[in-house]
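Just below is one structure, and these are the notes that go with it.
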Amino acid sequence: MSVASDKNNSNGPTTQSATIKDAPTPIISLRRVTRTFGFDDIATDALSSVNLEIQQGEFVAIMGPSGCGKTTLLNIISLLDEPTLGRYLFKGRDVSKFSSSRKAKIRNREIGIIFQNFNLINDMTVIENVALPLSYARGMQYKNLEKASELLHIVGLGSREYYTPNQLSGGQKQRVAIARALINRPSILLADEPTGNLDSANSKIIMDELTRLHKEGNTILMVTHNPELLKYASRVIQMKDGSIASDAELTETKAYRVTKRTIRSHSYHSSRRKPRRRK
Ligand SMILES: Nc1ncnc2c1ncn2[C@@H]1O[C@H](COP(=O)(O)OP(=O)(O)OP(=O)(O)O)[C@@H](O)[C@H]1O
Ligand SMILES: [Mg+2]
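For the sequence shown, the working numbering assigns the number 1220 to the initial residue and increments by one for each residue that follows.
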């Protein structure tokens, strides 16, 4: 697999991460983002001055040793956490100016999150867990349960709909978490080791599903420790000690070609939408 240009460096200036010239505004742009936990002597920089730009339609794999800041990065990108220093622009807008209800709406409608520890609700059945993101607005409706059921069948859990999460294995919980993250058809999917607990057959089902979402023009950010999964990605970011150690395109993957096509069509459409100047 070929790795092209190293595109980013956490200590340097923000670099253009687009794969083509005249790319549109990045969907995600972090500028010198630092996230510090604790105070004084026990302060830890989980992220340290990270610069990162992601275009709509990229499939980014994030790798690095335990504790290097991968989950912290996803928490900031998903608007669940905020930078201590630096700026986060979501679709070009400064997130620090968003109200908490606006952030909740974005999280509910545009971002799907597969959490590293699943975050399932044990008092609800599997099918209710999956339908939950659709139910915040209007309660648990039959059509939402139908959609949840469809997804549970895709991830191979059709027979477990009325179990509760604590009656499932780790891999089954993970697949419920994946179905829940997909139910809103998110345009951005953040996946924290989505296949970490799965055998190779189930990993393939999940990766095929992520590939399908990517082909539809959606953006995927996937934390993984498994180098085998790089074949599904269009770009790989290596993190170390809260910084981006390397950032490169994977030019020979199918995902890379899909990404290029999406960015190109997105920039074409966005340039078409520009208002004409009056003469
Ligand atoms: N809520 C918190 N309070 C204090 N320290 C935290 C908190 N969350 C994360 N950290 C620290 O920040 C650093 C980065 O943690 P993070 O969870 O982002 O790592 P990671 O790369 O996801 O690791 P892993 O591969 O083990 O999941 C770690 O040193 C961790 O101890
Ligand atoms: Mg983690």
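Note that the Cβ used here is the ideal one computed from N, Cα and C, for glycine as well.
Euclidean distance between Cα positions of residue i and residue j
| i | j | result |
| --- | --- | --- |
| K1289 | G1283 | 7 Å |
| Q1391 | K1473 | 28 Å |
| E1428 | E1471 | 20 Å |
| K1459 | V1279 | 16 Å |
| A1464 | L1351 | 37 Å |
| F1309 | C1287 | 23 Å |
| S1490 | S1484 | Residue confidence is low: S1490 scores 47 on pLDDT, short of 50, so the model does not pin down where it sits. No coordinate-derived value is stated. |
| Q1335 | I1425 | 15 Å |
| F1317 | H1433 | 27 Å |
| A1420 | D1260 | 47 Å |
| K1479 | S1268 | 28 Å |
| I1325 | Q1360 | 21 Å |
| Y1475 | T1414 | 21 Å |
| L1408 | Y1381 | 26 Å |
| Y1451 | S1320 | 34 Å |
Top-ranked residue by Cα proximity to residue i, from the options
| i | options | result |
| --- | --- | --- |
| R1399 | V1345, I1482, R1454 | V1345 |
| L1298 | I1332, L1266, L1351, A1280 | I1332 |
| I1373 | D1418, C1287, L1401, Y1382 | L1401 |
| P1243 | Q1274, D1264, L1249 | Q1274 |
| F1258 | T1303, S1285, Y1307 | T1303 |
| A1396 | L1408, G1305, V1349 | V1349 |
| S1248 | K1423, G1305, E1412, N1421 | G1305 |
| E1369 | R1312, F1337, R1404 | R1404 |
| G1311 | R1431, R1250, P1446 | R1250 |
| I1439 | E1380, T1430, K1324, L1387 | T1430 |
| M1343 | D1418, L1387, L1408, K1450 | L1387 |
DSSP three-state assignment for residue i, whether helix, strand or coil
| i | result |
| --- | --- |
| Y1382 | coil |
| S1236 | With a pLDDT of only 44 at S1236, under 50, the local geometry of the prediction cannot be trusted, and no value is derived from it. |
| A1467 | strand |
| A1280 | strand |
| E1329 | coil |
| S1229 | Here the model assigns S1229 a pLDDT of 41, short of 50, so the residue's position is not dependable and the matter cannot be decided. |
| D1313 | strand |
| T1478 | helix |
| S1354 | helix |
| R1483 | helix |
| D1411 | strand |
| E1428 | helix |
| N1403 | coil |
| R1497 | Residue placement at R1497 is poorly supported in this model, since its pLDDT is 47, which falls under 50; the coordinates are not used for a value here. |
| S1319 | helix |
| G1305 | strand |
Assumed close pair residue i, residue j - CB separation to whole angstroms, cut-off 8 Å
| i | j | result |
| --- | --- | --- |
| S1406 | E1329 | 5 Å |
| E1468 | R1454 | 5 Å |
| G1276 | T1443 | Contact doesn't hold; Cβ gap of about 19 Å is too wide. |
| R1394 | G1375 | 7 Å |
Cutoff 8 Å; reference residue i; Cβ partners in own chain excluding five residues on either side
| i | result |
| --- | --- |
| D1300 | R1254, T1291, N1294 |
| A1262 | T1255, F1256 |
| N1341 | T1383, P1384, N1385 |
| G1355 | It should be pointed out that residue 1355 corresponds to Tyr in this sequence rather than to Gly. N1327, listed in sequence order. |
| V1477 | G1276, F1278, H1433, K1434, S1453 |
| K1322 | L1298, V1314 |
Residues of its chain near residue i, where Cβ-Cβ distance is below 6 Å and the 5 sequence neighbours each way are ignored
| i | result |
| --- | --- |
| A1410 | I1333, M1441 |
| N1437 | S1406 |
Cutoff 7 Å; reference residue i; Cβ partners in own chain excluding five residues on either side
| i | result |
| --- | --- |
| A1265 | R1254, F1256, G1288, T1291, G1461 |
| G1389 | N1416 |
| Y1307 | L1249, V1252, I1295, V1314 |
| L1339 | N1348, P1384, K1392, V1395, A1396 |
| E1447 | none |
| S1422 | T1414 |
| P1245 | S1236, E1272, I1273, Q1274 |
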